[in-house]
Amino acid sequence: MSGIDTGSAYAWRIPLAHLRQELLTPVNALLGYAEILHEEAARKGRPDILPDMNRILGAARDLAGKVDRLEDGDRAESPPGAAASTQEQALRHELRTPLNAIKGYGEMLQEDVANVSSDALRADLDRLLVTATDLLLRLDRVMRISVDVKDTSLASEQTGAVMFSDLMRNVGPIGHEPHAVTETGSILVVDDIEANRDLLSRQLTRDGHRVASVAGGQQALAALADDEFDLVLLDLMMPDINGFDVLVRMKADERLRRIPVIMITALAETESAVRCIEAGAEDYLPKPFNPILLRARINACLHKKHWRDREQTYLRRIEDETAKFERLLFTILPGQVISRLNQGEVIIADRFEGVSVLFADLVGFTEHSARITPAALVEYLNRLFSEFDALARELGVEKIKTIGDAYMAVAGLPDPSPDPFAAIAKMALGMIDQLGRVNGHFGWPLQIRIGIHSGPVVAGIIGTHRFIYDVWGDTVNVASRLEAHSLPNRIHVSQDTARHLVGPFVLEPRGSIYVKGKGKLETFFLSRT
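Quick note on this note's numbering: the sequence shown kicks off at 12 and runs consecutively.
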């Protein structure tokens with residue numbers, strides 16, 4: 012029905028009187044069924060269902076009292092124009108709350124008494140639920156108190172009410188056949204009305220969910236901070252923080268934003284529910300909610316939540332495996348080369364000038380290895396070469412590879428070095444020091460020969476299976492020859508290297524040696540001052 016704000020108490024009292032007249036008879040019928048059911052349960056000796064019967068009877072009496080007092084006290088005074096809509100909404104909420112409790116507990120009792128022998132008990136319970144459903148429809152149809160006269164008319168409201176009733180009759184009531192629960196999870200129920208929380212919690216617990224319930228938005232945010240939930244059922248109208256603000260805060264929180272939220276709303280709050288969905292809510296459920304519809308929507312939300320959780324788990328695994336692969340790759344290839352491969356380069360090959368190449372080989376290793384176990388051999392090499400690797404990282408030297416007991420490294424590629432000649436010299440001197448420490452730990456007598464030459468090289472990746480970053484050229488060959496012509500625990504360097512070494516280095520002339528393909532070369536032994 013339509014109301015016009017005339018400023019007089021009489022204009023407001025008329026629709027209230029009409030509302031009371033429309034509702035009083037079916038409410039009294041509802042109360043009668045509730046009293047009959049309560050007596051029947053007590054007479055049949057059903058203590059298991061008596062607590063819910065008490066709740067239904069209490070809600071029916073509460074509703075009857077509210078309807079009977081519609082014209083009493085301050086409610087009969089005419090509200091100002093802007094407040095009329097708010098008062099109508101509050102009154103609708105006040106009348107629907109006990110009706111929701113009656114329907115909810117009644118539907119739960121239908122399941123409890125499905126197999127009892129008393130047909131009368133089941134029949135009276137069915138009548139109670141039919142009456143409650145009709146009352147909800149009647150309430151929505153007749154409660155049109157504060158609609159502005161400019162926006163609508165009595166005829167259009169009556170037409171809308173008829174259309175709504177026709178729609179409900181055509182669609183028909185949803186049956187009460189139980190639908191399978193396909194997903195279970197941890198659910199937080201947020202509602203300021205205790206009966207609603209209790210009803211929802213019991214229904215969800217029956218379906219196998221872990222349920223927590225709170226009475227307001229502040230408590231909801233605290234519970235979400237302290238615990239993990241798969242789903243939140245969130246009431247819109249709450250006294251402290253309304254449901255929309257709780258939703259907005261959840262979606263702004265990185266940890267909470269992926270938790271699905273179903274808004275619980277009265278039919279008159281559909282616009283608010285749409286706003287909530289736009290803000291990130293998964294779905295909404297009108298009050299009173301049908302248990303089958305509730306179960307279906309919860310199943311759908313939990314199903315998507317669980318798939319999202321699995322997706323996040325898989326993504327984390329992929330990230331972990333990718334990180335492991337990258338760490339492994341960095342032990343094989345220089346960082347600059349990895350970056351170029353990631354950018355799509357297929358052929359990695361570059362020419363570098365002024366590179367120092369080092370070869371080192373253990374003296375007497377082959378003979379000594381024949382007298383020890385394979386495990387001891389590998390342990391020694393692993394310890395020694397790990398020390399060499401750490402020294403290379405410290406000095407900015409690039410390890411190229413190991414071949415048996417031989418070690419190869421370069422300075423000046425792929426990243427430029429301010430002084431590759433000094434870096435490789437310090438590397439060689441440090442390798443002799445590290446060998447002495449490792450020998451002392453193992454009690455071995457091994458020595459090392461080292462050769463260094465400097466000049467241009469070509470560097471790049473070769474192979475597609477177990478590929479390596481390698482260097483080629485005349486400079487590499489000469490460095491290898493210098494190592495072969497060196498002496499135990501001595502560093503044999505070419506003149507092309509020696510001329511660049513200044514500072515804490517001592518160069519002892521070795522004399523000339525013959526190198527295949529190069530002829531005679533002047534060489535030196537390197538030591539520190």
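Note that CB positions come from ideal geometry on N, CA and C, so glycine has one too.
Keep in mind that this is a model prediction, so the values were computed, not measured.
Return the bridge partner residues of residue i from the DSSP annotation.
| i | result |
| --- | --- |
| aspartate 246 | Ile275 |
| leucine 369 | Ala420 and Ile463 |
| tyrosine 295 | Met274 |
| histidine 503 | Gly462 and Phe536 |
| aspartate 481 | Gly471 |
| leucine 199 | Ala223 and Val243 |
| valine 526 | Gly530 |
| valine 374 | Gln458 |
| isoleucine 204 | The partner list for isoleucine 204 (beta bridge, DSSP) is empty, contrary to what the question assumes. |
With H, G and I counted as helix, E and B as strand and the rest as coil, what does DSSP make of residue i?
| i | result |
| --- | --- |
| glutamate 332 | helix |
| serine 428 | coil |
| glutamine 169 | Because the pLDDT of glutamine 169 is 48, which lies under 50, any placement of that residue in the model is unreliable, and the question is left without a value. |
| leucine 532 | strand |
| proline 520 | strand |
| glycine 407 | coil |
| arginine 66 | helix |
| lysine 315 | helix |
| leucine 120 | helix |
| lysine 437 | helix |
| arginine 306 | helix |
| glutamate 364 | strand |
| alanine 28 | helix |
| lysine 114 | helix |
| lysine 412 | strand |
| arginine 103 | helix |
| alanine 263 | helix |
| glycine 355 | coil |
| aspartate 256 | helix |
| alanine 49 | According to the sequence as given, residue 49 is histidine; it is not alanine. Note: histidine 49 maps to helix in three-state DSSP. |
| isoleucine 383 | coil |
| phenylalanine 300 | coil |
| asparagine 39 | helix |
| aspartate 251 | coil |
| serine 350 | helix |
| leucine 178 | For leucine 178, the pLDDT reaches just 40, beneath the cut-off of 50, and the residue's location in the model is therefore unreliable, although a value from the coordinates is still provided. Helix. |
| methionine 12 | Bear in mind that the predicted position of methionine 12 carries a pLDDT of just 39, short of 50, making it unreliable; the figure below should be weighed with that in mind. Methionine 12 falls in the coil class under three-state DSSP. |
| leucine 344 | coil |
| arginine 80 | coil |
When you compare the CB positions of residue i and residue j, do they come within less than 7 Å of one another, or not?
| i | j | result |
| --- | --- | --- |
| serine 505 | threonine 486 | no |
| phenylalanine 370 | serine 491 | yes |
| leucine 199 | alanine 233 | no |
| aspartate 209 | glycine 227 | no |
| glutamate 494 | aspartate 331 | no |
| threonine 540 | proline 520 | no |
| leucine 245 | valine 201 | yes |
| asparagine 500 | isoleucine 463 | no |
| proline 425 | proline 345 | yes |
| glutamine 482 | valine 421 | The sequence shown places valine at residue 482, rather than the glutamine named in the question. It is a contact, given that the beta carbons lie within the stated cut-off. |
| threonine 142 | leucine 242 | no |
| isoleucine 359 | glycine 471 | yes |
| valine 272 | glutamate 293 | yes |
| serine 465 | threonine 413 | no |
| isoleucine 411 | alanine 439 | no |
| alanine 112 | alanine 28 | no |
| leucine 146 | valine 78 | no |
| leucine 81 | arginine 31 | yes |
| leucine 68 | valine 38 | no |
Comparing the CB of residue i with every heavy atom of the ligand GTP, is any distance shorter than 6 Å?
| i | result |
| --- | --- |
| leucine 245 | Absent from the structure shown: the ligand GTP. Ligands present: none. |
- Message: Contact between the segment 309-318 and the segment 435-453 is defined here as three or more beta-carbon pairs at a separation below 8 Å; is this criterion met?
- Response: Contact between the segment 309-318 and the segment 435-453 is absent, because fewer than three Cβ pairs lie under 8 Å.
- Okay, do the segment 400-412 and the segment 371-389 touch, 3+ Cβ pairs below 8 Å being the bar? no
- Query: Is the number of C-beta pairs between the segment 108-115 and the segment 289-307 that are closer than 8 Å three or more?
  - Reply: yes
- Three CB pairs or more closer than 8 Å across the segment 40-60 and the segment 128-138: Segments in contact, yes.
- Query: Are the segment 253-271 and the segment 282-291 in contact at 8 Å, needing three or more beta carbon pairs?
  - Reply: yes
- Taking 8 Å as the threshold, find out whether the segment 386-397 comes into contact with the segment 354-368 through three or more Cβ pairs. no
- Given 8 Å, three or more beta-carbon pairs between the segment 320-331 and the segment 426-435: no
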